[in-house]
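Enquirer: Its first residue numbered 764, the sequence shown is counted upward by one per residue in this note's numbering.
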Amino acid sequence: MSGEARCREPLEAYLESLGLERVVLVQVGQDDAGYRFRAVSIRPGTGARGQAETANPAFEKALAGVLVKFLSLNATVVAETTPAGATVFIDGVKVGSTPFTTEVLPGEHTFRFELASHLPKEETRVLSSRQQVKLDAALEKVPARLVVKAQPEGAEIRVDGQPVGTTVVDQGIQPGTRRVSLTLDGYEPHEVKAEIAPGGTYTLEHALTPTSMQSFKLAMRRRKEATMARQSYLEASFEMQRLTGTSLASQPLSTSEELESLRTRDVRAPGSRNLRGVGVEYGRYGQFFGVMLVGATYASTGDTWTLGIDVPPGVGGAGPDGVSSLDTQVQAVSLRALQPQLRYVLGPVSFAIQVGLEGRGLLVKERAGDAAIFKDGLYALDLHASGQATARIFVYEGLYASVAYQHSFTLLKKIAGTSNIRGGLGYAF
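Written out as structure tokens, the structure is:
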């Protein structure tokens, strides 16, 4: 045949002879996405065709999804409430307010109606294809109202043993005698017998009382927060130092050329080698880490130190002849700066560990008076590596008492290391 008219396929003629308005051919398969449907729609009278494809893990949903492209399968739902204006939820999804009309796929659906000051109402229906359903719900007005405000935050609120919320609850409730209880770990439970009148509002506001242990924890937490809020400190201390070794290599501060090469070697007496003095420190803290910005200590001997001396060969004269030791008094100064610290706070008590370097200097003066060999004294300089552990207890606001232990090691082998115990007062701000 020729011309613009399309030849009819034998299948179309056969389908039209059966009197069918539309034929839908469906092919089904399965893959990683679940069930996959492919459908072809044929209108025998006009030859019009359409195709659709869909996939879903659920067989029924996959089939309905492809058929709905060509066939009207939806059920019609008309929802009304008394009074009107209720919020409509279908399968947990908010869809509108009554009066409300919509279409849904066939199957089981849950309808819920909510209206302020009314009890919610819920209904489950199984709908078939093209079914028309009218839902008419009469909502009951809430006869009473319950308002509960509990402290601290997180307190659980129960009504007749059933949990209804935390911290704040404002809801409708049936009138009558109800048990309202408030509970929270670490706090004494609180329960009241509430007589709720019809149409009335029952209000309960209550702060739970902490248990003795919880009171202690809360007090410690408040003290900890107050302590950590103070990030700078200035501290003065009384210190007791002891040389951990006997070495003390000092040299004359100023003297004649003959005595210039003389050196002290060690501390021979007393065995304790103690010094006493005062110190001061200034530093800053973050939450856990800090830095001692600058610190200094001055100390002196309370008793006489006997120092052994080395007299080089060829050195003689009125001073060194026959002299192997000196009776002296020692003054010591140490300077330290930029020592990192690690801090841990427990309530009003702060523990800190710091390490770093410090410079040490000693001035040695003879006790021989006018007979002294070294009129201006002797001196020694050294660099020490030190570590310190400190405990501070806050007694009033930023005022605190401290106790610390410090240990140092000589790096230049001029002055023996020290063991230092200090106690003091400071203020954090």
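Even for Gly, the Cβ is constructed at its ideal location relative to N, Cα and C.
Might you give, ordered along the chain, the residues of its own chain that have their beta carbon closer than 8 Å to the beta carbon of residue 816, omitting 5 neighbours on each side?
Expert: Closer than 8 Å at Cβ, skipping near neighbours: 799, 800, 801, 802, 829.
Enquirer: Please report the residue range of the alpha helix (DSSP H) in which residue 988 lies.
Expert: That run of the alpha helix (DSSP H) goes 975-992.
Enquirer: Under 8 Å, with one C-beta from each stretch per pair, do the stretch 1100-1107 and the stretch 1133-1144 reach the 3-pair mark?
Expert: Touching, no, given that fewer than three Cβ pairs across the two stretches are closer than 8 Å.
Enquirer: For residue 784 and residue 859, what's the separation of their Cα atoms in angstroms?
Expert: Distance between the alpha carbons of residue 784 and residue 859 is about 37 Å.
Enquirer: Which whole-angstrom value is the C-beta distance of residue 1181 and residue 1171, which I expect to be below 8 Å?
Expert: At roughly 5 Å, the Cβ-Cβ gap stays under 8 Å, so residue 1181 and residue 1171 are in contact.
Enquirer: CA-CA distance, residue 1189 and residue 1146?
Expert: Residue 1189 and residue 1146: Cα-Cα distance of roughly 27 Å.
Enquirer: Of all the options 1097, 854, 1175, which has the alpha carbon lying nearest to the alpha carbon of residue 1044?
Expert: Taking only the C-alpha atoms, the option nearest residue 1044 is 1097.
Enquirer: Going along the chain, which residues of its own chain have a beta-carbon closer than 7 Å to the beta-carbon of residue 881, five neighbours each way excluded?
Expert: 902, 903, 904, 905.
Enquirer: Contact between the stretch 936-945 and the stretch 977-985 is defined here as three or more beta-carbon pairs at a separation below 8 Å; is this criterion met?
Expert: As far as the Cβ criterion goes, the stretch 936-945 does not touch the stretch 977-985, which means the pair count is below three.
Enquirer: Flag this pair as yes or no: are the beta carbons of residue 1062 and residue 1095 separated by less than 7 Å?
Expert: Yes, they are a contact pair.
Enquirer: Considering only residues of the stretch 1047-1116, which uninterrupted beta strand (DSSP E) runs meet the minimum length of 3 residues and lie entirely inside it, listed in chain order?
Expert: For the stretch 1047-1116, whole beta strand (DSSP E) runs of length 3 or above, ordered along the chain, are 1052-1063, 1068-1073, 1088-1109.
Enquirer: Apart from the five residues on each side of it in sequence, which residues of its chain come closer than 6 Å, Cβ to Cβ, to residue 726?
Expert: It is not possible to answer for residue 726, since the shown part of the chain is limited to 764 through 1192.
Enquirer: Relative to the C-alpha of residue 756, which candidate in 1191, 842, 823, 808 has its C-alpha closest?
Expert: Missing from the structure shown is residue 756; the chain here goes from 764 to 1192 and no further.
Enquirer: Check whether the stretch 998-1016 touches the stretch 1108-1119, taking contact to mean three or more Cβ pairs, one atom from each stretch, closer than 8 Å.
Expert: At 8 Å Cβ cutoff, the stretches do not touch.
Enquirer: May I ask you to list the residues that DSSP assigns as paired with residue 933?
Expert: 910.
Enquirer: In whole angstroms, what is the alpha-carbon distance linking residue 958 and residue 951?
Expert: Whole-angstrom Cα-Cα distance: 23 Å.
Enquirer: If you count every other CB in all the chains shown that lies within 10 Å of the CB of residue 790, and 16 or more means buried, which is it?
Expert: It counts as exposed.
Enquirer: Could you tell me the alpha carbon to alpha carbon distance between residue 1037 and residue 1065, rounded to whole angstroms?
Expert: Going from the Cα of residue 1037 to the Cα of residue 1065 covers about 8 Å.
Enquirer: Leaving aside the five residues before and after residue 1124 along the sequence, list all residues of the same chain whose C-beta is less than 6 Å from its C-beta, in chain order.
Expert: If we look at residue 1124 and ignore the five residues flanking it on each side, its Cβ neighbours are 1096, 1144.
Enquirer: Between the C-alpha atoms of residue 868 and residue 853, what's the straight-line distance to the nearest angstrom?
Expert: So the two alpha carbons sit approximately 12 Å from each other.
Enquirer: Tell me where the alpha helix (DSSP H) around residue 789 begins and ends.
Expert: Careful: residue 789 lies outside any alpha helix (DSSP H), inside the beta strand (DSSP E) at 786-794.
Enquirer: Residues in the same chain with beta-carbon distance under 6 Å from residue 1114, minus the five sequence neighbours each way, listed in chain order, please.
Expert: Around residue 1114: 1107, 1154.
Enquirer: Which value, in whole angstroms, describes the spacing of the CA atoms of residue 891 and residue 837?
Expert: Those two C-alpha atoms are separated by around 8 Å.
Enquirer: So residue 1029 and residue 1071 are in contact, right, with Cβ under 8 Å, and what is the actual spacing, rounded?
Expert: About 5 Å separates the two Cβ atoms, so the contact holds.
Enquirer: Spatial neighbours of residue 1127 within its chain, please: C-beta separation below 6 Å, excluding the five flanking residues on both sides.
Expert: Contacts found: 1013, 1091, 1093, 1140, 1141.
Enquirer: Only counting the same chain, and skipping five residues up and downstream in sequence, which positions put a Cβ closer than 6 Å to that of residue 987?
Expert: 1108, 1110.
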